[in-house]
Amino acid sequence: MKETEASYSFLKRMAWEAGLRKSNLIMPLIVDESRSNSRYLITTSMDSLENKVQKVIDLGIKKIMLYGIPKTRNAKASEAWNPKGVVQSAVARIKKNFGHKVEVSTDICVCQYNLSGHCGTMNSAGTDIDNDTSLIGIKTIALSHAEAGSDILAPSSMMDGQVSCIRNCLKENGFRNISIMSFAAKYDSCLYSPFRSTAFDNYNQTIKINKSTYQLSCSNIRQSLNEIQMDLNEGAKIIMVKPGIVSSDLIVAIKNRFNCPLAVQNVSGEYLMIKLASEKGLINEVEWALAYLIGMRRAGADMIMSYHVELISKYLE
Ligand SMILES: [Zn+2]
0 MKETEASYSF LKRMAWEAGL RKSNLIMPLI VDESRSNSRY LITTSMDSLE
50 NKVQKVIDLG IKKIMLYGIP KTRNAKASEA WNPKGVVQSA VARIKKNFGH
100 KVEVSTDICV CQYNLSGHCG TMNSAGTDID NDTSLIGIKT IALSHAEAGS
150 DILAPSSMMD GQVSCIRNCL KENGFRNISI MSFAAKYDSC LYSPFRSTAF
200 DNYNQTIKIN KSTYQLSCSN IRQSLNEIQM DLNEGAKIIM VKPGIVSSDL
250 IVAIKNRFNC PLAVQNVSGE YLMIKLASEK GLINEVEWAL AYLIGMRRAG
300 ADMIMSYHVE LISKYLE
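Residues in the sequence shown are numbered consecutively from 0, following numbering that gives the first Met the number 0.
See the structure below:
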């Protein structure tokens, strides 16, 4: 849909008045070791990594969150802590070429690396996730990301004790300047399915994964606040909430109760609904994306991670 000078100015003013700035935005980059694109979301190949990061910096965006999709998965998820793995290689290359021009957060989980798609390690009977065994993997991934140069470690598995285990590991290994951004309030949600389908390259496989035993129920805000309190006690610097648009009440409650910086993720399902409707010519992606992001900012998000970042950045100061 065509944009006029008047509508450009209107959208720009609306974003400005809501306090939405480029400095609030985090660009998610899904680095895929084997494919250059996916049917569901935009991915970045290793070959185009530097070009992509340069483009993001040129738009005035200074925060990136890295997710990796490895060439091969295995039952142990060992590619997740391979020092030459996809995220480790990507973060090392970004830091070598761009230094402090960009702040890089790295996702810490095993679900893109194992065969089950679960965020933890299964018990020996294969019936449930074993929290303590999962923490060993999380710690190993965290150390490999820290050694590769990550600025912020972002554990997203929702395992109990993941923040303190990473904190202790960083301390033991002399990493004093790395922060932890915890996905403390990650609701069990169908809205993540485009990301999971990208990781598996298969939607049918995605919908069979049930994460309700470790992700939060969307019906329970008190449990979310308790999880956040625990993660802050364990040493998290930044708290992440997802999905974004359906969590406005939680964003407000967090800002009223805690003093920490709050990041909100506008997740893949929220993005894809807008993207596909706009591709069909039914809606205008910019207007809708800005409406979502302004709502999250107004509710209290200090940072917003969104797949719409590149498109909307020209409307922001
Ligand atoms: Zn996961």
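The beta carbon of each residue, even a glycine, is placed where N, CA and C say it ideally should be.
Proximity of the beta carbon of C164 to ligand 1 is not indicated: no heavy atom of the ligand is located closer than 6 Å. One Cα belongs to I165, the other to T3, and the distance between them is close to 50 Å. Taking 6 Å as the cut-off, one finds at least one heavy atom of ligand 1 near enough to the beta carbon of C118. The C-beta distance from L10 to Y314 rounds to 5 Å, short enough to fall under 8 Å. With a cutoff of 6 Å, S156 counts as near ligand 1, since its C-beta is closer than that to a heavy atom of the ligand. Under the three-pair Cβ rule at 8 Å, the stretch 211-220 does not count as touching the stretch 268-275. Rounded to the nearest angstrom, the gap between the Cα atoms of S188 and H117 is 14 Å. Looking only at I93, A14 and R12, the smallest Cα-Cα distance to I63 is reached by I93.
Where M295 is concerned, the enclosing alpha helix (DSSP H) starts and stops at E284 to A298. Per DSSP, reduced to three states, the secondary structure at Q264 is strand. In the three-state reduction of the DSSP assignment, A153 falls in the strand class, which pools E and B. Residue pairing by DSSP places M64 opposite P27 and S104 in a beta bridge. Residue pairing of A184 in beta bridges, as defined by DSSP: V240.
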